[in-house]
Amino acid sequence: MDEAITAGRPPEPDWSTVTAEELLAYRDAENRFRSSSAARAVTGEPEPHVDICRQELALPGRTLPVRAHRPLPGDTDGPLPLVLHVHGGGFVGTAAQSDWVNSHLAARLPAVVVSVDHRLLDRATPLSAAVDDGWDALRHVARWDVDPTRTAVFGESCGALICALAAIRAAGAGVRLRAQVLVNPVVDVTGGMLDHASATRHADSPTLDARQLRLLQRLAVPPGTDPRPLSPLFADDLGGLAPALVVVPTEDPLADQGRRYAERLHAAGTPARLAEYPGAGHAFLSMPGIARQAQPARAEILRFLRACFAPPAGRGAAG
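Okay, structure coming up:
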């Protein structure tokens, strides 16, 4: 990996042979780093005019930590839109790694941006648990002092998969979302997830490689489990979903997954914009300190969400 990415971080285990104990030890050390002030050189400085606080949601059978980003009191009037964010990583990761983008969105939309610390994948925790965390968190925080008619989901990598499935579930449940933003999304956890051309072309990417993807697939889908319901790319019906912005870094093994998902959404009649960032690698949005494409991507996400939250043409803000 690039020296700027690895400085101060724990050494990675051998992803092809990692044991349950090694994975948990690595995860704990890595997430401590991602939450530290030292990581800000890579993950970026939060917007100072935003309050960031950790809260716990009381969900059925469990509590779930979230990181809420709110504009400072007095900066806004009335209930704000809600953006539910899910960080990337899958088997590693923390909401704190996304403070830069989430705090800036909170200030500039303005909106309440809530980032979910979902259960991370391991031998005892399959992807379905993380998916349930995303959906349950969305329904819970929509009851906060926010405008529930202006709600969006925004995810990165495995978090984008969780958000894509939440958008599908919302449409089936009659829950109206205004938008979904999917950044370098995983949308295929079937046995063929490494068969996409970009997965071969960028198999040795410094921020996501083929060994990590194989581990993700093994953890996500326990033996005997059908991976298709957990793979938005293979959903039976993608019509009637919230408008989507699919952000694809071109130097990413998941690039073709994002491209194909945008095509499927468009073919189903769901408005979908594909935004490609040449030269960017996986997870670039969480690394503004070293990825020059993070700033313009954040600006594009902001424009997209502003447009989706705007009142329909011919209606005032109170309409």
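The sequence shown begins at 127 in this note's numbering and counts up by one.
Where a beta carbon is used, it is the ideal one built from N, C-alpha and C, also for glycine.
Taking only runs that begin and end inside the stretch 278–366, name each unbroken beta strand (DSSP E) of 3 or more residues, in chain order.
305–309
Which residue from V212, E182, V238 puts its Cα closest to that of D203?
V238
Mapping the DSSP letters down to three states, classify E402 as helix, strand or coil.
strand
Just reading off the alpha helix (DSSP H) that E148 is part of, what are its end residues?
146–160
Output the distance between the C-alpha atoms of A146 and H230, rounded to the nearest integer angstrom.
36 Å
Please classify Q383: is it buried, with 16 or more other beta-carbons within 10 angstroms of its beta-carbon, or exposed?
buried
Can you give the beta carbon distance from E377 to G350, rounded, assuming they're within the 8 Å contact cut?
No, E377 and G350 are not in contact; Cβ-Cβ is about 35 Å, not under 8 Å.
Supposed close pair P252, A346 - CB separation, criterion 8 Å:
6 Å
Three-way DSSP call (helix, strand, coil) for R386 in this model
helix
If you drop the 5 nearest sequence neighbours on each side, which residues of the same chain put their C-beta closer than 6 Å to that of G216?
L247, C284, L342
Looking at C-alpha atoms only, which residue of V373, S324, D314, G366 is the closest neighbour of R354?
D314
Quick check on A293: buried or exposed, where buried means 16 or more other Cβ atoms within 10 Å of its Cβ?
buried
For A232, the nearest candidate out of V301, I178, A268 (CA to CA):
I178
Whole-Å CB distance - R492 paired with P191, under 8 Å assumed:
Beyond the ends of the chain as shown, which are 127 and 445, falls residue 492; an answer cannot be given.
Just verifying my parser: in three-state terms, what is the DSSP assignment at E426?
helix
Provide the residue span of the beta strand (DSSP E) that contains L185, from first to last.
176–185
Determine the extent of the beta strand (DSSP E) in which T189 is found, giving its start and end residues.
188–197
Given a cut-off of 8 Å on the beta-carbon distance, is the pair V240 and E156 in contact?
no
Would DSSP call V218 helix, strand or coil?
coil
Along the alpha helix (DSSP H) that carries S229, what are the first and last residues, could you check?
225–234
Would you grab the beta carbon distance between V372 and L287 for me? Rounded to a whole angstrom, and I think it's under 8 Å.
12 Å between Cβ atoms; not a contact.
Residue closest to A433, alpha-carbon to alpha-carbon, out of R399, R390, V272
R399
Since P207 and T277 are thought to touch, with beta carbons under 8 Å apart, how far apart are those beta carbons, to the nearest angstrom?
7 Å
How would you label E148, buried or exposed, when you count the other beta carbons within 10 angstroms and need 16 or more for buried?
exposed
What are the boundary residues of the alpha helix (DSSP H) that includes A167?
166–169
Nearest to H175 by CA position, among A167, F159, R196, is which residue?
R196
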